[in-house]
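Asker: This is the structure I have questions about; it appears just below.
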Amino acid sequence: MAKPKTVFVCQNCGAESPKWLGKCPACGEWNTYVEEIKQDATAPPLWSTAATEKRATPQKIQDIATEAYLRYGTGDGELDRVLGGGVVSGSLILLGGEPGIGKSTLLLQFAVSVQDQTVFYISGEESPRQIKMRAERIGISSDRCFLLAETSIETIFNQLAQTRADYVIIDSIQTLHTSRIDAVPGSISQVRDCTGQLMQYAKQNEVTVFLIGHINKEGSIAGPKVLEHMVDTVLQFEGDRNLTYRILRTIKNRFGSTSELGIYRMVEKGLQEVKNPSEILLSDQQSQSSGVAIGASMEGNRPLLIEVQALVSPATYGTPQRSTTGFDVKRLHMLLAVLERRLGIRLSTQDVFLNITGGIRVHDTSLDLAVCAAVYSSYHDLILP
């Protein structure tokens with residue numbers, strides 16, 4: 138019997154090396170190489186059999202039917218918006234976010250609200266009783282949603298082979314493992330192989346698969362970067378757990394725009410859609426004060442009115458502070474340099490604090506004028522009309 142081949146895999150970027158290295162030459166991280174048994178590339182997919190395996194044949198581009206890629210509404214207007222109008226059959230969707238932000242709640246609401254279609258909700262972190270308790274708190278139920286607490290990808294495919302599923306939800310991808318790889322769950326090899334198996338299953342059987350992924354301390358989805366390349370859509374669930382509002386942002390979408398934004402309100406009975414986001418992005422205007430300006434920004438096809446709050450005060454220490462919430466601090470430095478050069482405002486001796494209301498993070502440059510107006514208003518203590 139041949140000795141299994143082992144390689145050293147970087148747990149940060151997935152780079153492979155025949156020997157251990159202290160520093161990864163691909164990503165530059167230290168002490169991230171772990172020895173793993175190399176997977177047999179000739180092994181058949183776990184979910185396929187000789188009777189169901191399909192062989193790919195070349196087709197003329199004009200002969201390929203596009204009706205198979207029709208979208209299906211989820212019943213959630215904000216989720217449909219960020220997906221480009223609905224889910225595409227056979228797509229692989231990755232949802233990332235911080236712990237406790239509401240990822241499982243969002244997909245559980247989707248699972249129990251789907252009509253006339255079967256949903257498999259597979260959890261590797263919670264028991265079916267815990268999921269049922271959350272569903273009861275939300276106040277909705279369904280006879281087409283099946284719960285399965287399992288982390289073995291082989292067992293999951295065996296269960297999916299017995300019952301036809303239209304949607305599969307995996308919570309979370311970091312908990313799955315396969316016996317074909319001698320590595321701990323959550324490692325680079327396990328995440329990559331399990332995602333690859335689910336991708337093949339989704340494409341061959343026209344089943345939409347949702348994957349929930351954790352994020353690391355830098356804010357990016359944990360696991361190999363190849364994970365984001367393999368899936369069709371990457372969604373990021375953002376927000377402050379101390380606030381009630383959540384933002385669903387599209388990072389990647391092969392079937393639609395990547396600039397759409399969905400906004401939810403976290404209440405006792407789950408997540409509620411926010412039809413008019415400008416209401417939460419504007420604070421109470423009864424008591425006007427200086428340093429406040431309102432600007433318009435475009436997120437996809439949706440215009441938003443966003444309130445910008447600035448505070449300018451004399452620097453207590455030698456080096457003035459620059460602090461932002463929801464805005465790029467480097468761009469703020471540039472705007473302050475423009476104000477100091479063109480308007481003669483001496484901001485080099487002032488502390489500047491900037492806040493975008495509602496917990497949203499703005500990337501659109503159309504708010505630059507509102508930022509400058511808010512800083513100017515706070516510096517001269519003027520109330521803008």
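Be aware that the sequence shown starts at 138, since it is given in this note's numbering, and climbs by one per residue. For each residue, glycine too, the CB sits at the ideal point set by N, CA and C.
(1) Taking only runs that begin and end inside the stretch 373-418, name each unbroken alpha helix (DSSP H) of 4 or more residues, in chain order.
(2) So Leu442 packs on Ala433, CB below 8 Å; how close in whole Å?
(3) Just to confirm, is the Cβ distance from Asp488 to Ala452 under 7 Å?
(4) By the 10 Å Cβ neighbour count, where 16 or more other Cβ atoms means buried, how is Pro414 classified, buried or exposed?
(5) Skipping 5 residues on each side, what residues in its chain have a beta carbon closer than 7 Å to that of Ser241?
(6) Return the Cβ separation of Asn438 and Gly463 in integer angstroms, given the expectation that the two are a contact with Cβ distance under 8 Å.
(7) Could you tell me the boundaries of the alpha helix (DSSP H) in which Ile497 lies?
(8) State yes or no: is the C-beta of Glu172 within less than 7 Å of the C-beta of Thr194?
(9) Would you call the stretch 366-386 in contact with the stretch 222-229, where contact means no fewer than 3 C-beta pairs closer than 8 Å?
(10) Output the boundary residues of the beta strand (DSSP E) element that contains Pro451.
(11) Check whether the stretch 384-397 touches the stretch 252-265, counting contact only when three or more Cβ pairs, one atom from each stretch, lie closer than 8 Å.
(12) For Phe347, I'd like the list of residues in its chain whose CB is within less than 6 Å of its CB, leaving aside the five on either flank, ordered along the chain.
(13) Measuring only the C-alpha atoms, how far is Val404 from Thr381?
(14) Find the nearest neighbour of Ile238 within the set Ala248, Gly481, Ala507, Ile384, judged by alpha-carbon distance.
(15) Which residues mark the beginning and the end of the beta strand (DSSP E) in which Ile325 is found?
(16) With H, G and I counted as helix, E and B as strand and the rest as coil, what does DSSP make of Tyr170?
(17) From Ser396 to Lys156, what does the alpha carbon distance come to, in whole angstroms?
(18) Would you list the residues sitting across from Phe257 in a DSSP beta bridge?
(19) Based on Cα-Cα distance, which residue from Arg498, Val466, Gln334 lies nearest to Ile293?
(20) Please classify His517: is it buried, with 16 or more other beta-carbons within 10 angstroms of its beta-carbon, or exposed?
(21) Which residues in the same chain as Tyr209 place their Cβ atom closer than 6 Å to its Cβ, once the five residues preceding and following it in sequence are excluded?
Answerer: With the structure as the only source:
(1) 415-418
(2) Here residue 442 refers to the residue found at position 305 of the sequence shown. Here residue 433 refers to the residue found at position 296 of the sequence shown. Contact between Leu442 and Ala433 holds, with the beta-carbon distance rounding to 6 Å and staying under 8 Å.
(3) For the purposes of this step, residue 488 is identified with residue 351 of the sequence shown, where counting begins at 1. For the purposes of this step, residue 452 is identified with residue 315 of the sequence shown, where counting begins at 1. Against a cut-off of 7 Å, the Cβ pair of Ala452 and Asp488 comes out as a contact.
(4) Counting from one through the sequence shown, the residue named residue 414 turns up at place 277. With 16 or more other Cβ atoms within 10 Å, it is buried.
(5) Numbered from its first residue, the sequence shown carries residue 241 at position 104. Asp308, Ile349, listed in sequence order.
(6) To locate residue 438, count along the sequence shown from 1; it is residue 301. To locate residue 463, count along the sequence shown from 1; it is residue 326. Wrong, their Cβ atoms sit about 21 Å apart, outside the cutoff.
(7) In the sequence shown, the residue the question calls residue 497 occupies position 360. Segment: none, Ile497 is in no alpha helix (DSSP H) and carries neither H nor E.
(8) The residue labelled residue 172 in the question sits at position 35 within the sequence shown. The residue labelled residue 194 in the question sits at position 57 within the sequence shown. No; because the gap between Cβ atoms is not below 7 Å, this pair is not in contact.
(9) yes
(10) Counting from 1 along the sequence shown, the entry for residue 451 is found at position 314. First-last of the beta strand (DSSP E) with Pro451: 439-451.
(11) In short, these stretches do not touch, since the Cβ pair count stays below three.
(12) By one-based count along the sequence shown, residue 347 stands at place 210. Around Phe347: Ile230, Leu244, Ile306.
(13) Within the sequence shown, residue 404 is the residue found at index 267, counting from 1. Within the sequence shown, residue 381 is the residue found at index 244, counting from 1. The alpha-carbon atoms of Val404 and Thr381 are separated by roughly 7 Å.
(14) Counted from its first residue, the sequence shown places residue 238 at position 101. Measuring from the Cα of Ile238, the nearest candidate turns out to be Ile384.
(15) Here residue 325 is taken as the residue at index 188 of the sequence shown, counted from 1. For Ile325, there is no enclosing beta strand (DSSP E); the residue is part of the alpha helix (DSSP H) that begins and ends at 325-342.
(16) If you number the sequence shown from 1, residue 170 lands on position 33. DSSP places Tyr170 in strand when its eight states are reduced to three.
(17) Counting from one through the sequence shown, the residue named residue 396 turns up at place 259. Counting from one through the sequence shown, the residue named residue 156 turns up at place 19. For Ser396 and Lys156, the distance between alpha carbons rounds to 42 Å.
(18) Start at 1 with the first residue of the sequence shown, and residue 257 comes out as number 120. Paired residue(s): Phe283, Val305.
(19) In the sequence shown, counting from the first residue as 1, residue 293 sits at position 156. Comparing Cα-Cα distances from Ile293 to each of Arg498, Val466, Gln334, the minimum goes to Gln334.
(20) By 1-based counting over the sequence shown, the position of residue 517 is 380. Label assigned to His517: exposed.
(21) Within the sequence shown, residue 209 is the residue found at index 72, counting from 1. If we look at Tyr209 and ignore the five residues flanking it on each side, its Cβ neighbours are Gly223, Val224.
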